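Each remark here refers to the structure printed beneath this line.
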Amino acid sequence: MAGRPKIKDIADMVGVSPATVSRALAGTGLVAEPTLSRIRETAAALDYRPNVSARNLRTQRSMAILLVVRDAGNPFYLEVFKGVEAAAREAGYSVLMGNTEDDPVRETEYFAMLGDGHADGMILMTGKLPAPNDTRATGDEPVVVALEMVEGSGYPHVVIDNHAAALSAVNHLIELGHQNIAHITGPLPEPMSQRRMEGYRTAMKLAGLAIREGFEQRGDYLLESGVQCCRALLALPVLPTAIFCANDEMAFGVIGELNRQGVSVPDDVSVVGFDDLFLSAAFQPPLTTVSQPRADIGRQAMTILLSRLSGGVVPDKPVVVPTQLKIRGTTAPAKSLTTKHQGRHQ
Numbered sequence: 000m001a002g003r004p005k006i007k008d009i010a011d012m013v014g015v016s017p018a019t020v021s022r023a024l025a026g027t028g029l030v031a032e033p034t035l036s037r038i039r040e041t042a043a044a045l046d047y048r049p050n051v052s053a054r055n056l057r058t059q060r061s062m063a064i065l066l067v068v069r070d071a072g073n074p075f076y077l078e079v080f081k082g083v084e085a086a087a088r089e090a091g092y093s094v095l096m097g098n099t100e101d102d103p104v105r106e107t108e109y110f111a112m113l114g115d116g117h118a119d120g121m122i123l124m125t126g127k128l129p130a131p132n133d134t135r136a137t138g139d140e141p142v143v144v145a146l147e148m149v150e151g152s153g154y155p156h157v158v159i160d161n162h163a164a165a166l167s168a169v170n171h172l173i174e175l176g177h178q179n180i181a182h183i184t185g186p187l188p189e190p191m192s193q194r195r196m197e198g199y200r201t202a203m204k205l206a207g208l209a210i211r212e213g214f215e216q217r218g219d220y221l222l223e224s225g226v227q228c229c230r231a232l233l234a235l236p237v238l239p240t241a242i243f244c245a246n247d248e249m250a251f252g253v254i255g256e257l258n259r260q261g262v263s264v265p266d267d268v269s270v271v272g273f274d275d276l277f278l279s280a281a282f283q284p285p286l287t288t289v290s291q292p293r294a295d296i297g298r299q300a301m302t303i304l305l306s307r308l309s310g311g312v313v314p315d316k317p318v319v320v321p322t323q324l325k326i327r328g329t330t331a332p333a334k335s336l337t338t339k340h341q342g343r344h345q
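Residues in the sequence shown are numbered from 0 upward in steps of one, following numbering that gives the first Met the number 0.
Here it is, written out as structure tokens:
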């Protein structure tokens, strides 16, 4: 075959029309198996690559997707990005990551990029929309919200059950015999943080356990807030024997501060995180945490967005992806404390 492979070459080899090949490679969902697989396998064998410039002129699309996050430096988003990018690449799209750093101006700018045609769609992971008086976010845009709910937005959502996941984490501590269990929240009143806190409260209530004064400390998902909240907990007259953190990064800060103050994890205090970052299994001791299938969340969000872009059906209710509690080395049965800490842990 002379020159660069074309859609017609794939069509001739598979025995279908060029239009069918185009629909299959665009990920429209309109081409059924086994034809879809045969087309993709033939395209891969020919090393077919679409002519992006020509296609963009023809379709009036940018063939780019925005993945908008709070903090591009947070490793939490990397696995989500991988899932989004894998699904996008199969459909011929590229993925651009937008970093808002909780700046309302930046949040508005990314919606403006979408409205101006610089991107065809957006996967939003900030949990926030532009200001209510901003007309760029009406609910009709090709936007899928992932993980952090945007209540009443009208956009499709791919989320986890934060309440149930938190309840499971705290129940694990209760089953180990812990009664004095503290919680370090995420930023409140954001919905994700609120649901995790409510899961903690529900588990304690169902077990008939009181939440002592000062046992709910407000964090912000950053490591340093874990350190500061841990110091506040260690200054209380009655200390927790277990701490449930709303994310892994704060849990890392908690464990570091406990170690600095001579409190053993998990012998004196058990710690549970939330997210299952790639460092969590390598941490010493390995962190017990709620694992979110972030790559799968990214892939599902992108699949829904592709369906929206092609005029297909999108779910009218949030898609809830299951989580798993990974029990590792930072949790252990509650037991009598050492003499060094006996006077503080009553």
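For glycine and all other residues, C-beta sits at the position ideal for the given N, C-alpha and C.
Source: prediction; values computed, not measured.
Pair within 8 angstroms by beta-carbon distance, residue i and residue j
i, j, result
"Ser-62", "Asp-119", "One detail in the question is off: residue 62 reads as Met in this sequence, not Ser. Yes."
"Val-143", "Pro-155", "yes"
"Leu-187", "Ile-180", "no"
"Leu-175", "Ser-269", "yes"
"Thr-125", "Thr-99", "yes"
"Glu-212", "Thr-184", "no"
"Glu-248", "Leu-208", "no"
"Leu-35", "Ile-9", "no"
"Asp-275", "Gln-291", "yes"
"Leu-324", "Ala-90", "no"
"Asp-266", "Ala-331", "yes"
"Ala-241", "His-177", "yes"
"Arg-37", "Val-13", "yes"
"Arg-230", "Glu-256", "yes"
Buried or exposed by the 16-neighbour rule on C-beta atoms within 10 Å, applied to residue i
i, result
"Leu-286", "buried"
"Glu-84", "buried"
"Asn-132", "Only weak support exists for where Asn-132 lies, its pLDDT of 47 falling under 50; the coordinates are left without a value."
"Ser-16", "exposed"
"His-117", "exposed"
"Asn-258", "exposed"
"Arg-69", "buried"
"Val-94", "buried"
"Gln-299", "buried"
"Ala-43", "exposed"
"Arg-307", "buried"
"Pro-314", "exposed"
"Gly-225", "buried"
"Glu-150", "exposed"
"Ile-40", "Looking at the sequence itself, residue 40 is Glu, so the reference to Ile does not match. Per the 10 Å Cβ criterion, exposed."
"Gly-272", "buried"
"Pro-239", "buried"
"Ala-18", "exposed"
For residue i, the first and last residue of its enclosing alpha helix (DSSP H)
i, result
"Ile-173", "161-174"
"Asp-274", "Premise fails: Asp-274 lies in the beta strand (DSSP E), 269-274, not in any alpha helix (DSSP H)."
"Thr-288", "No alpha helix (DSSP H) contains Thr-288, which is instead part of the beta strand (DSSP E) from 287-290."
"Ala-300", "293-308"
"Leu-24", "17-24"
"Thr-34", "34-44"
"Val-13", "6-13"
Proximity test, Cβ basis, 8 angstroms: residue i and chain B
i, result
"Gly-225", "The structure shown has no chain B; it contains just one protein chain."
Residue range of the beta strand (DSSP E) that includes residue i
i, result
"Gln-323", "323-325"
"Leu-257", "First-last for Leu-257: 247-259, but that is the alpha helix (DSSP H), not the beta strand (DSSP E)."
"Ala-181", "180-184"
"Gln-177", "In the sequence on display, residue 177 carries His and not Gln. Premise fails: His-177 is in no beta strand (DSSP E) and is neither H nor E."
"Val-264", "Looking at the DSSP string, Val-264 is not in any beta strand (DSSP E), and its letter there is neither H nor E."
"Ala-145", "142-145"
"Phe-243", "241-244"
"Ala-355", "Because the chain is modelled from 0 through 345, residue 355 falls outside the range shown and cannot be assessed."
Near the ligand ADP: residue i beta-carbon under 7 angstroms from a heavy atom
i, result
"Ile-303", "Only the bare structure without any ligand can be found here, which leaves the ligand ADP out of the picture."
Which complete alpha helix (DSSP H) runs does the region 191-238 hold, if anything under 4 residues is left out?
Within the region 191-238, the complete alpha helix (DSSP H) runs of at least 4 residues fall at 222-233.
In chain order, what are the residue ranges of uninterrupted alpha helix (DSSP H) at least 4 long that sit wholly in the region 86-126?
Counting whole runs of 4 or more residues, the region 86-126 contains the alpha helix (DSSP H) stretches 103-114.
At least 3 beta-carbon pairs within less than 8 angstroms: the region 295-304 vs the region 312-330:
Segments in contact, yes.
Cβ contact (3+ pairs, closer than 8 angstroms) linking the region 199-207 and the region 159-168
Segments in contact, yes.
Cβ contact check for the region 101-115 and the region 269-289: 3 or more pairs under 8 angstroms
These segments do not touch.
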